[in-house]
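Presented below is the structure to which this report refers.
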Amino acid sequence: MAAPAKPGSHMVRRHLLPGDQIIAALAPFLRFADHLVHRIVCRAWRRSCRIIGRAPPPFPWLMLPPPPSAERGPAPAPGTPQRRVFYDIPGGRSYAYPIPASYRHVTSRSGWLVLAASDSPRRLLVLNPISAGQVVVSWPFGEDPTEGFHAVLTAPLGEPGCFLAVATDRLIKYCRPAVGGDWATLRAPGFRYDTACSDLVSVGATVYLMDERRKLWRVDLAAAQPKVERRDTAFALPQGERWRHYLVESLGHVLLVVSDEHHKRLGLYRLRWEARLWVPTPASGLGDSVLLLGRGCSAAVPASAASGRSPGTVLVVRQPWRCSFLHVDIGLSFRGGGGEQPWFWTESQLGAGLGDDQLVMRKTVPQWPGEFTVGDSFWFFPGIDESDCP
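In terms of the numbering used here, the sequence shown has 200 at position 200, counting the first letter as 1, and numbering is strictly consecutive.
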């Protein structure tokens with residue numbers, strides 16, 4: 001007589017296809033990039049990838065600015081798909097996906113970009129450039145906010161806890177983009193927007209908002225009746241510098257990174273909400289993580305995915321200094337002269353605090369046109385939705 005089957009084995013055979021066996025054998029050798037290349041093979045391949053499991057998402061990619069005008073020819077019409085390059089830093093590989101022209105990046109999370117239309121009709125677009133999935137969200141403001149706005153997506157688009165929140169002077173607005181996108185309004189009395197010195201981050205559905213004085217506002221958007229709380233967590237910084245502020249979520253904690261404009265001096269602080277304090281934190285407080293900093297795209301990621309970079313490494317995307325008051329970019333808005341290479345991010349290490357200067361290395365992308373670009377770069381966190389593999 002045949003040996004008795006293992007419990008549940010008949011169910012496994014019933015649900016697996018012959019191709020699943022092949023993918024299971026190949027799975028240890030497939031990188032995330034391979035899934036991107038082969039995900040369009042056929043429906044059976046996509047189904048097998050979902051059952052067997054995909055390679056984990058890689059180190060975040062760098063979303064590069066549009067190429068110099070001399071390289072791309074006439075400016076495309078607003079909303080026309082425009083090829084944008086995403087660069088995998090550890091892998092040294094570039095990917096290109098269409099992004100609507102004249103839309104500017106405001107935030108990103110788990111494979112999704114939130115883009116704002118710069119021309120009429122004004123609206124927000126939540127876009128997965130890999131799967132081409134998108135949701136159009138109505139413009140949250142009756143007219144453009146005077147000083148711009150911050151934005152955060154609290155979870156991947158398909159999850160129940162996904163909110164899109166935007167913040168400007170004394171105001172927070174939020175919606176559920178996947179279920180209609182109707183905006184609700186909350187007041188944040190005293191908050192002042194600044195492009196470089198205020199920031200917004202989420203921990204789950206709780207949103208934290210910080211202004212240039214390092215004061216905080218907090219609201220749980222999943223509450224039955226969301227209510228904005230305020231804490232005076234201001235503290236003094238050394239004089240003579242215009243400091244940039246970056247809020248980062250790490251393992252459920254809110255971190256603040258303070259940087260000079262050249263990223264030579266960096267300070268790390270951990271929030272203690274109930275004590276109303278930003279607590280200075282050494283680099284060891286990050287654990288086995290590296291920091292990625294940028295407007296609307298900061299994160300802490302495992303050093304194991306960073307291609308040999310040690311914990312405490314800080315990578316900052318190049319985003320030309322923009323003064324909110326004047327609404328102009330200052331510095332770095334020139335073509336590289338004398339054969340100067342364009343650069344897109346810097347790398348340094350967390351030191352002993354704001355008084356400890358660190359060596360900063362400017363990093364470029366191979367084969368990029370030799371003209372210096374004035375556009376901003378952003379971190380992008382690639383991912384594929386389950387709905388992408390029916």
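All residues carry an ideal CB built from backbone N, CA and C; glycine is no exception.
Next item on the list: Report the three-state DSSP secondary structure of Gln21 (helix, strand or coil).
Entry: Here residue 21 is taken as the residue at index 21 of the sequence shown, counted from 1. If DSSP states are grouped into helix, strand and coil, Gln21 belongs with the helices.
Next item on the list: Starting from Leu277, follow the beta strand (DSSP E) in both directions and report where the run begins and ends.
Entry: Looking up residue 277 in the sequence shown gives position 277. That run of the beta strand (DSSP E) goes 277–280.
Next item on the list: State the Cα-Cα distance for the pair Trp61 and Val314, rounded to the nearest angstrom.
Entry: Translated into the one-based positions of the sequence shown, residue 61 becomes position 61. Translated into the one-based positions of the sequence shown, residue 314 becomes position 314. So the alpha carbons of these two residues sit roughly 15 angstroms apart.
Check: Who are Gln124's beta bridge partners in DSSP?
Finding: Position 124 of the sequence shown holds residue 124. In the sequence as presented, Gln is not what sits at residue 124; that position holds Leu. In the DSSP output, where bridge partners are listed per residue, Leu124 has Ala116, Val137.
Checklist line | DSSP state of Ala151 mapped onto helix, strand, coil | finding: Position 151 of the sequence shown holds residue 151. Ala151: strand per DSSP, three-state reduction.
Checklist line | For Gly148, the nearest candidate out of Leu247, His105, Gln134, Trp273 (CA to CA) | finding: By one-based count along the sequence shown, residue 148 stands at place 148. Closest option to Gly148, Cα to Cα, is His105.
Item checked: Between the CA atoms of Val279 and Asp169 - distance to the nearest angstrom -> For the purposes of this step, residue 169 is taken as the residue at position 169 of the sequence shown. For the purposes of this step, residue 279 is taken as the residue at position 279 of the sequence shown. Cα-Cα distance, rounded: 26 angstroms.
Check: In the structure shown, what three-state DSSP assignment does Gly285 receive?
Finding: Here residue 285 is taken as the residue at index 285 of the sequence shown, counted from 1. Correct three-state label for Gly285: helix.
Note to self: So the candidates are Leu115, Pro81, Ala77, Met63; which of them puts its Cα closest to the Cα of Tyr95?
What the structure shows: Here residue 95 refers to the residue found at position 95 when the sequence shown is read from its first residue. It is Met63.
Notebook entry, point to check: Any idea which residues DSSP pairs Gly267 with across the strands?
Noted result: As a first step, residue 267 must be located in the sequence shown, where it is residue number 267. Its beta-bridge partners are Val258.
Next item on the list: Enumerate in chain order the residues of its own chain whose CB-to-CB distance from Arg276 is below 8 angstroms, with the five nearest sequence positions on each side excluded.
Entry: Numbered from 1 along the sequence shown, position 276 holds the residue referred to as residue 276. Correct list, in chain order: Arg231, Asp232, Thr233.
Next item on the list: Would you check if the segment 159–168 and the segment 294–310 touch, i.e. whether three or more CB-CB distances between them fall below 8 angstroms?
Entry: no
Checklist line | Three-state secondary structure (DSSP) of Ser333 | finding: Walking along the sequence shown from the start, residue 333 turns up at place 333. Note on Ser333: pLDDT 36, under 50, position unreliable in the model; the coordinate value appears next. Coil.
Next item on the list: Would you mind stating whether Gly111 and Phe381 have Cβ atoms separated by less than 8 angstroms?
Entry: Position 111 of the sequence shown holds residue 111. Position 381 of the sequence shown holds residue 381. Contact flag set, yes.
Next item on the list: Ignore the nearest five residues each way along the sequence and tell me which others in Thr346's own chain have a CB closer than 6 angstroms to its CB.
Entry: As a first step, residue 346 must be located in the sequence shown, where it is residue number 346. If we look at Thr346 and ignore the five residues flanking it on each side, its Cβ neighbours are His263, Val316, Val360, Arg362.
Margin query: So for Val179, helix, strand or coil by DSSP?
Written below: Here residue 179 corresponds to residue number 179 of the sequence shown, with the count starting at 1. Helix at Val179.
Note to self: Just to confirm before moving on: does the CB-CB distance between Phe378 and Gly296 stay below 8 angstroms?
What the structure shows: In the sequence shown, residue 378 corresponds to position 378, counting from 1. In the sequence shown, residue 296 corresponds to position 296, counting from 1. A contact, by the Cβ cut-off of 8 angstroms.
Check: Exposed or buried, which one is Thr107 when buried takes at least 16 other CB atoms within 10 Å?
Finding: One-based indexing of the sequence shown puts residue 107 at position 107. Result: buried.
Note to self: So, does the segment 183–200 touch the segment 112–127, judging by three or more C-beta pairs under 8 angstroms?
What the structure shows: no
Note to self: Since Ala245 and Leu271 should fall inside the 8 angstroms C-beta cutoff, what is the C-beta to C-beta distance between them, to a whole number of angstroms?
What the structure shows: To locate residue 245, count along the sequence shown from 1; it is residue 245. To locate residue 271, count along the sequence shown from 1; it is residue 271. Going by the sequence as given, residue 245 is His instead of Ala. Their Cβ separation, rounded to whole angstroms, is 12 angstroms, which puts His245 and Leu271 out of contact at 8 angstroms.
Check: Apart from the five residues just before and just after Ala155, which ones in its own chain have a Cβ nearer than 6 angstroms to its Cβ?
Finding: Walking along the sequence shown from the start, residue 155 turns up at place 155. Answer for Ala155: Gly161, Cys162, listed in chain order.
Next item on the list: Measure the C-alpha to C-alpha separation of Leu255 and Ala224 and round it to an integer number of angstroms.
Entry: Here residue 255 refers to the residue found at position 255 when the sequence shown is read from its first residue. Here residue 224 refers to the residue found at position 224 when the sequence shown is read from its first residue. Rounded to the nearest angstrom, the two C-alpha atoms are 27 angstroms apart.
Item checked: Exposed unless 16 or more other CB atoms sit within 10 angstroms - verdict on Trp217 -> Position 217 of the sequence shown, counting from 1, holds the residue named residue 217. Per the 10 Å Cβ criterion, buried.
Check: Which runs of the beta strand (DSSP E) spanning at least 3 residues fall entirely within the segment 199–266, listed in chain order?
Finding: 199–203, 206–210, 216–220, 229–231, 244–250, 253–259
Notebook entry, point to check: How would you write the range of the beta strand (DSSP E) that Leu315 sits in, first residue to last?
Noted result: Reading the sequence shown from its first residue, position 315 is the one you call residue 315. First-last of the beta strand (DSSP E) with Leu315: 313–317.
Check: Under the rule that 16 or more other beta-carbon atoms within 10 Å means buried, what is Phe235, buried or exposed?
Finding: For the purposes of this step, residue 235 is identified with residue 235 of the sequence shown, where counting begins at 1. Answer is exposed; the Cβ neighbour count stays below 16.
Notebook entry, point to check: Going by Cα to Cα distance, which pick from Ser289, Ser284, Asp199, Ala222 is closest to Val258?
Noted result: The sequence position of residue 258 within the sequence shown is 258, counting from 1. Comparing Cα positions, the closest option is Asp199.
Margin query: Give me the residue from Gly287, Pro238, Trp273, Leu127 with the minimum Cα distance to Arg265.
Written below: Against the sequence shown, residue 265 aligns to sequence position 265. Of Gly287, Pro238, Trp273, Leu127, the residue nearest in Cα terms is Pro238.
Note to self: In the DSSP output, what is Glu347 paired with across the bridge?
What the structure shows: Position 347 of the sequence shown, counted from the start, is the residue given in the question as residue 347. Paired residues: Leu315, Met361.
Next item on the list: Excluding the 5 residues preceding and the 5 following Pro302 in the sequence, name in chain order all residues of the same chain whose CB lies nearer than 7 angstroms to its CB.
Entry: If you number the sequence shown from 1, residue 302 lands on position 302. Around Pro302: Asp288, Ser289.
Check: Among the residues of its own chain, which have a CB less than 7 angstroms from the CB of Thr364, if the five just before and after it don't count?
Finding: Residue numbering aside, residue 364 sits at position 364 when the sequence shown is read from its first letter. Gln341, Pro342, Trp343, Phe344.
Next item on the list: List the endpoints of the continuous beta strand (DSSP E) containing Ser94.
Entry: Here residue 94 corresponds to residue number 94 of the sequence shown, with the count starting at 1. 93–100 is the extent of the beta strand (DSSP E) around Ser94.
Check: Excluding sequence positions up to five away, which residues of its chain have a Cβ less than 6 angstroms from the Cβ of Ala196?
Finding: Position 196 of the sequence shown holds residue 196. Arg244.
Next item on the list: Alpha carbon to alpha carbon, how far is Pro74 from Gln82? Give it in angstroms, no decimals.
Entry: Here residue 82 refers to the residue found at position 82 when the sequence shown is read from its first residue. Here residue 74 refers to the residue found at position 74 when the sequence shown is read from its first residue. Whole-angstrom Cα-Cα distance: 12 angstroms.
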